[in-house]
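Enquirer: The following block contains the structure, expressed as structure tokens.
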Amino acid sequence: MGTGRTETREERADRQWSELLQELRVAQTGVQVLFAFLLAVAFQSRFEDLAATDRTIYVVTVVLAAATAAALIGPVSYHRLLTGRRLKPQTVVWASRLTVLGLILLLCTMCAALLLVLRVALHNATAFWLVAAMGVWFVLCWFVFPVLALIRDTRAG
1 MGTGRTETRE
11 ERADRQWSEL
21 LQELRVAQTG
31 VQVLFAFLLA
41 VAFQSRFEDL
51 AATDRTIYVV
61 TVVLAAATAA
71 ALIGPVSYHR
81 LLTGRRLKPQ
91 TVVWASRLTV
101 LGLILLLCTM
111 CAALLLVLRV
121 ALHNATAFWL
131 VAAMGVWFVL
141 CWFVFPVLAL
151 IRDTRAG
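The opening position of the sequence shown corresponds to residue 1 in full-length UniProt numbering, with each subsequent residue numbered one higher.
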């Protein structure tokens, strides 16, 4: 499938890398803010009052946030370690895969954080259903809508 551009493999990789970096900047900032907030929660006085289930959700959420940060920062390390070795096209592929993994982990992190906050705020099963609805919304926005656009474009072409 053509790109509609006249560019070498290396030029295409450079362009894709620049686009990926812009996408990562948005995601990394959000993850770092969320992670910092989560780390601070354990040092709040009310943390001791959390039920065992909520503490477990908290720990899972912090671990998910750390894993998300690793996946979304990983492409930078990947690029830095491979710079100058004429592997830019492969770097773009692997960095893109790490980014998708990071988005999946971010979805899980967001849902876990929402679950924790809504359980504390609502004290009932409504929290679970609200999180489930938001999880579906994240999946639609981040994965389903782009895939549908791709399918429509493939059919039109």
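All C-beta atoms, glycine included, are put in the ideal place defined by N, C-alpha and C.
Of the choices H79, A65 and L38, whose alpha-carbon is the least far from that of L103?
Expert: A65
Enquirer: Check each candidate in T91, H123, W142 and T126 and name the one with the smallest Cα separation from L110.
Expert: Per the sequence shown, residue 110 should be read as Met rather than Leu. Of the candidates T91, H123, W142 and T126, the one whose C-alpha sits nearest the C-alpha of M110 is W142.
Enquirer: How close, in whole Å, do the beta carbons of V31 and T68 come, if the pair is a contact with beta carbons under 8 Å?
Expert: 5 Å
Enquirer: With S96 and L148 assumed to form a contact (beta carbons below 8 Å), what rounded beta-carbon distance in angstroms separates them?
Expert: Not a contact, Cβ separation roughly 20 Å.
Enquirer: So, at 7 Å on beta carbons, what are the nonlocal neighbours of Q16 in its own chain, with the 5 sequence-adjacent residues on each side left out?
Expert: V92
Enquirer: List the whole-angstrom C-beta distance separating L122 from I57, where the pair is believed to meet the contact cut-off of C-beta under 8 Å.
Expert: Incorrect: roughly 14 Å between the Cβ atoms, too far for contact.
Enquirer: What number of angstroms, rounded off, separates the C-alpha of R86 from the C-alpha of P146?
Expert: 31 Å
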